[in-house]
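*Asks:* The sequence shown begins at 4 in my numbering and counts up one residue at a time. We put the CB at the ideal spot given by N, CA and C, even for glycine. Please read all numbers here as calculations on a predicted model, not as lab measurements. Below are the structure tokens for one structure; questions will follow.
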Amino acid sequence: MAAGDETAGSRLGATLREGERVTPLELFFDLVFVLAITQCTALMSHHPTWSGLAQGLLVLGMLWWAWTGYSWLTSVIDPEEGAVRLVIFGAMAALLLVSLCVPEAFGGLALAFALIYGVVRYAQIALFMLASPDDDALRHSVLGLGGSTTVAVILLASASLFDGLAQGALWVLALFLDMAEPYFFGSEGWKLVAGHFAERHGLIVIIALGESIVAIGIGASHSLNLGVGTGAVLGVALAAAMWWVYFDIVAIVAARRLSEAEVGKVQNEMARDSYSYMHLVMVAGIVLTALGLKTTIGHFDDDLEAVPAFALLGGLAVYLIGHVGFRYRHIHTINRQRLGLAIVLLILVPVATEVPALVALAVANLLIWALIAYETRSYGEGRQRVRRPQIA
């Protein structure tokens, strides 16, 4: 074999990406996921009912599980390699088509969604198989993933034959069995580059927060007056607070703990639980909040209906609950102030239906920024040591 062929072959092998950061192609791939998130928000916005909310979250869960699979994949192979690059491009095209199906994922495009979603997932599995010719443990894990993917696609395709509760139940079963696969087949065989993995998930949080900014723009697109302008400023402030809650120290500490964890089963399960699972909760909270912001700014002087009120305050609560679970998985302690604020926000949901939407948004800002001020003060010098580890 020629030297060039050997190099190409090795780039398809199960070679860890130690020291490498997220590549431009991965960021390009994630841009398609932006559309997927936007479509989930649009689905819930066009059907502002509890069932519409459930449908949007189910679609988000399926799309998230597809995305997170690619975040594991690129810890094994180099996505910039020529042959791999072409498959990634194909997966991007399929993910784009899946995203376009989202508004009718429970209607006329239900079967198309299921089949094209299968293409997205099987492209990932094919690349994993290329990455594991001599790694029996990785191949065992990949075969388990292939089995759960097949079950999920069959259930989603079967769901297209039904509507209402039966259809929703099949979606729930498909998502549960697919996401539970790592527990059935174990996690020892997966490969992971901790720094890359944590950075990739941090970037997807930024992308999700970007959807909040887009939602503000859509809500304010009809006209600009004092109320809309105030709502837009408060909306940006809320998105900034959500950014601060994650990136000020949480993302830094979590990435370090993942890097320091014992390589293999321990590290893989920490990554699975805290990133693949708990980040879905955070992203779901961000998407719900974006829905609430869109409605709030578009109807700033009206009382919120129950669903938008839950999306705004409940979405923020879900986001904080995701943080509580994230911390507990890493250090086995509960962040009481974030859990407490989540409970307060849920209690305030009925109140938000009795006051102008702008007031509800202002209260949400007041509460979360008070939390940030409290945490920043209570962390003291420890916060500076985390952010600047060279400081003794």
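Closest by CA to Leu118, which one among Leu60, Pro136 and Val154?
*Replies:* Val154
*Asks:* Using the rule of at least 16 other Cβ atoms within 10 Å of the residue's Cβ for burial, across every protein chain shown, is Ser381 buried or exposed?
*Replies:* exposed
*Asks:* Output the boundary residues of the alpha helix (DSSP H) element that contains Leu61.
*Replies:* Trp53 to Leu76
*Asks:* What are the start and end residues of the alpha helix (DSSP H) that includes Asn271?
*Replies:* Lys268 to Ala274
*Asks:* Would you call the region 233–247 in contact with the region 186–205, where contact means no fewer than 3 C-beta pairs closer than 8 Å?
*Replies:* no
*Asks:* CA-CA distance, Leu89 and Asp181?
*Replies:* 26 Å
*Asks:* From Thr299 to Asp306, what distance separates their C-alpha atoms?
*Replies:* 9 Å
*Asks:* With a 10 Å radius around its C-beta and 16 neighbouring C-beta atoms as the bar for buried, classify Ala223 as buried or exposed.
*Replies:* buried
*Asks:* Under three-state DSSP, which class holds Pro359?
*Replies:* strand
*Asks:* Going by CA-CA distance only, name the one from Gly149, Leu316 and Ala293 that's closest to Ile346.
*Replies:* Leu316
*Asks:* Could you tell me if Thr336 is buried or exposed, where buried requires 16 or more neighbouring beta carbons within 10 angstroms of its beta carbon?
*Replies:* exposed
*Asks:* Looking only at its own chain, which residues have a Cβ that is under 8 Å from the Cβ of Thr152, when we skip the five neighbours before and after it?
*Replies:* Gly121, Arg124, Tyr125, Ile128 and Asp181
*Asks:* Terminal residues of the continuous alpha helix (DSSP H) containing Ala197?
*Replies:* Ala197 to Gly222 is the span of the alpha helix (DSSP H), which, as asked, contains Ala197.
*Asks:* What residues in its chain sit with their C-beta under 8 Å from that of Ala108, if we drop five residues either side in the sequence?
*Replies:* Shown here for Ala108: same chain residues with a beta carbon closer than 8 Å to its own, the five before and five after excluded, namely Leu46, Gln58, Val62 and Phe116 in chain order.
*Asks:* Does Phe179 pass the burial test, meaning 16 or more other C-beta atoms within 10 Å, or should it be called exposed?
*Replies:* Under this definition Phe179 is an exposed residue.
*Asks:* At what residues does the alpha helix (DSSP H) containing Thr292 begin and finish?
*Replies:* Element bounds for Thr292: Met281 to Gly301.
*Asks:* If you compare alpha carbons, which of Arg339, Gly267, Leu291 and Gly301 is closest to Trp53?
*Replies:* The option with the nearest alpha carbon to Trp53 is Leu291.
*Asks:* Relative to the C-alpha of Ile40, which residue among Ser163, Leu98, Glu84 and His50 is closest?
*Replies:* Ranking Ser163, Leu98, Glu84 and His50 by Cα distance to Ile40 puts Leu98 first.
*Asks:* Less than 8 Å between C-beta atoms, sequence neighbours within five positions excluded: which residues of the same chain meet that for Val352?
*Replies:* Closer than 8 Å at the Cβ level, and outside the excluded window around Val352, lie Ala309, Ala312, Phe313, Leu316 and Gly317.
*Asks:* Using the Cβ count rule (16 or more neighbours within 10 Å means buried), how would you classify Gln270?
*Replies:* Its Cβ being crowded by 16 or more others within 10 Å, Gln270 is buried.
*Asks:* What does a CB cutoff of less than 6 Å around Ala254 pick up in its chain, not counting 5 residues either side in sequence?
*Replies:* Excluding the 5 residues flanking it on each side, Ala254 has same chain C-beta neighbours closer than 6 Å at Gly205, in chain order.
*Asks:* Is DSSP giving Asp139 helix, strand or coil here?
*Replies:* In the three-state scheme derived from DSSP, where H, G and I count as helix and E and B as strand, Asp139 is classed as helix.
*Asks:* Rounded to whole angstroms, what is the Cα-Cα separation between Gly150 and Ile375?
*Replies:* 44 Å
*Asks:* Output the distance between the C-alpha atoms of His199 and Ala258, rounded to the nearest integer angstrom.
*Replies:* In a straight line, the C-alpha of His199 is about 9 Å away from that of Ala258.
*Asks:* When you compare the CB positions of Ile219 and Val239, do they come within less than 8 Å of one another, or not?
*Replies:* Less than 8 Å separates the beta-carbon of Ile219 from that of Val239.
*Asks:* Under the three-state reduction of DSSP, which class applies to Asp33: helix, strand or coil?
*Replies:* helix
*Asks:* Below 7 Å CB to CB, which residues in the same chain sit around Ser262 once its five sequence neighbours on both sides are set aside?
*Replies:* Ala197 and Gly198
*Asks:* Can you tell me whether Asp181 is helix, strand or coil according to DSSP?
*Replies:* helix
*Asks:* Using CA atoms only, rank isn't needed, just tell me which of Gly147, Gly192 and Gly213 is closest to Val37.
*Replies:* Gly213
*Asks:* Cβ atoms of Trp67 and Val286: under 8 Å apart, would you say?
*Replies:* yes
*Asks:* Figure out for me which residue from Ala169, Glu265, Ala172 and Leu241 has the closest Cα to the Cα of Ile371.
*Replies:* Leu241
*Asks:* Among Arg275, Arg339, Met273 and Val231, which one has its Cα closest to the Cα of Leu296?
*Replies:* Val231
*Asks:* By DSSP's criteria, Asp306 is part of a beta bridge. Which residues make up the other side?
*Replies:* Pro359
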